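**Student:** This is the structure, below, for whatever I ask next.
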Amino acid sequence: MVLADPTLSSYRLEMAGGSDVERTKKKRRGDRYSVQTSLIVAALKKMLPIGLNMCSPADQELINLAKIRYSLKDTDEEVREFLQNNMHLQGKVEDPSMRWQMALYKETSGKAEDAEDPEKVVKRVQEVSAVLYHIEVTEHPYKSKKMVWHKLLSKQRRKAVVACFRMSPLYNIPRHRGSNMFLNGYKRNWLQTEGYQFEDRMIDDLSKAMEEEELGEEGEEEAETKPDPLHQLILHFSRTALTEKSKLEVDYLYMAYADIMAKSCHIGEEEEGEEEEAFEVTQTEMEKEMEKQRLLYQQSRLHNRGAAEMVLQMISACRGETGAMVSSTLKLGISILNTGNCDVQQRMLDYLKDKKDVGFFLSIQALMQTCSVLDLNAFERQNKAEGLGMVSEEGTSEYGDNTPPPG
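Residue numbers (the numbering used here): 89 to 495.
This is the structure:
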């Protein structure tokens, strides 16, 4: 086939030769803008002898001095001023072996027309020395440049710069992630600076119905109220506790809301000062009564929505195992039973009678077996120390690590 069709072999040779050409092109592509292939540098090198012939042999010393000044980072004005001040060095050579060459150059070379004009001589010498300096810098760059680059930009800084380029801008971040970035600042600058309790305001907002009741002109008593968000939350947690059969799993949402509900039922700080005047005593009694009524309202706001039953159901679902869930539940139960709220106690008793929940009593029994005896005197001292800001680690362990007495 090759003998019959000679074009085939030539085609293969062309293909093989074409691949070699492509490889050489790829290799030389990086040298397209290098110093060796620059037309500007090549043109300057070709025109340099013409420029040197324009100068007289006596200008060689001035050209070398101007080139040295350029290497010292002097500006054009500074080099021009230097040449004007050193025109007397024209034609003078320090090396005696070079004097005969200078004399020979003076005899053989021609003399420029403007050789007697100092300004034109200075301009010509400056231009030639600048060209010589830039050609030398282009062909032989300073070795210290690379070292300076490494000093200015270390490996750690380079990694930091690359990481900044890889980071996505704020406007490309999803909305929920962008909101999380501002939550800490919002909490620090807005919520913590408010004068009221955050828990009280949150429970107030959750206990309000999302839609106002629409009462007719005739059937105002028969109108049905929709459950508020707080009631819905308590119902959800209650159903979770009732459907739990094996082990009560940790629910961070429940613990967060249980702590908020527990903190929403608080008593104001008791004011000391028993020996006061009559009207001051009356005023403190009125304030205590107002605090008590407010606490009753806060407790009723929770147990009317099923918080008391939820506490019993969570304790029953824990199967007597201690943990974060049980701790949050007990704190909530203590808060709604604080100062002996009879309504909450009666509601809990009615629930236990109706449901006959044996698991609650078994869980309470198991939890009581894990408890230690509390030293009430040490507990009172610790509370007073906390109020005065004199708490120490030794005081906290004084009554917490006591072992139960024998018998």
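Note that the Cβ used here is the ideal one computed from N, Cα and C, for glycine as well.
If you're wondering where the values come from, they're calculated on a predicted model, not measured in any experiment.
1) Which residue spans inside the stretch 310-353 form an unbroken alpha helix (DSSP H) run of at least 4?
2) Alpha helix (DSSP H) containing Leu140: first to last residue?
3) DSSP three-state call for Arg407: helix, strand or coil?
4) Among Arg245, Glu169 and Ile156, which residue has its Cα nearest to the Cα of Val225?
5) Could you say which of His176, Leu160, Ala154 and Ser159 lies nearest to Arg168 if we only look at CA atoms?
6) Given a threshold of 16 other Cβ atoms within 10 Å of its Cβ, counted over all protein chains shown, does Gly488 qualify as buried or as exposed?
7) Provide the residue span of the alpha helix (DSSP H) that contains Thr458, from first to last.
8) Heavy atom of the ligand PLP less than 8 Å from the Cβ of Lys133, yes or no?
9) Residue range of the alpha helix (DSSP H) that Gln280 falls in?
10) Tell me the rounded alpha-carbon separation between Gly447 and Ser404.
11) Among the residues of its own chain, which have a CB less than 6 Å from the CB of Ala366, if the five just before and after it don't count?
12) If you pair each beta-carbon of the stretch 416-434 with each one of the stretch 372-390, do three or more pairs fall below 8 Å?
13) Counting only the same chain and skipping the five closest in sequence on each side, list residues whose C-beta sits under 7 Å from that of Trp432.
14) Does the distance from the CB of Pro206 to the CB of Met175 come in under 9 Å?
15) Thinking just about the alpha-carbon of each residue, which of Gln148, Ser159, Glu166 and Met349 is nearest to the one in Arg389?
16) Skipping 5 residues on each side, what residues in its chain have a beta carbon closer than 6 Å to that of Ile151?
17) For Ala329, which residues of its own chain have a beta-carbon under 6 Å away from its beta-carbon, when the five flanking residues on both sides are left out?
18) Given this structure, state the Cα-to-Cα distance separating Arg254 from Lys275, to the nearest angstrom.
19) Gly421 by DSSP, collapsed to three states: which one?
20) Output yes or no for whether 9 Å exceeds the beta carbon distance between Ile322 and Gly394.
21) Residue range of the alpha helix (DSSP H) that Met436 falls in?
**Tutor:** Checking against the coordinates, here is how it stands:
1) You should have 317-331 and 340-352.
2) Leu127 to Met142
3) Annotated three-state conformation of Arg407 is coil, per DSSP.
4) Distance from the Cα of Val225 is smallest, within the candidate group Arg245, Glu169 and Ile156, for Ile156.
5) Measuring from the Cα of Arg168, the nearest candidate turns out to be Ala154.
6) Confidence is the limiting factor: at Gly488 the pLDDT is only 46, short of 50, which leaves the residue's position unreliable, though a coordinate-based value still follows. Exposed is the call here.
7) Note, Thr458: premise wrong, no alpha helix (DSSP H); not H, not E.
8) Ligands displayed in this structure: none; no statement on the ligand PLP is therefore possible.
9) DSSP places Gln280 in no alpha helix (DSSP H); its state is neither H nor E.
10) 5 Å
11) For Ala366, the predicted structure reports a pLDDT of 46, less than 50, and the residue's modelled location is therefore unreliable. The matter cannot be settled from this model.
12) yes
13) At residue 432 the sequence reads Val, which differs from the Trp that was named. Cβ within range, chain order: Gln387, His391, Ala396, Ile424 and Leu425.
14) yes
15) When only C-alpha atoms are compared, the closest one is Met349.
16) Val213, Val216 and Ser217
17) Gln401, Met402 and Ala405
18) 30 Å
19) helix
20) yes
21) Cys430 to Lys443
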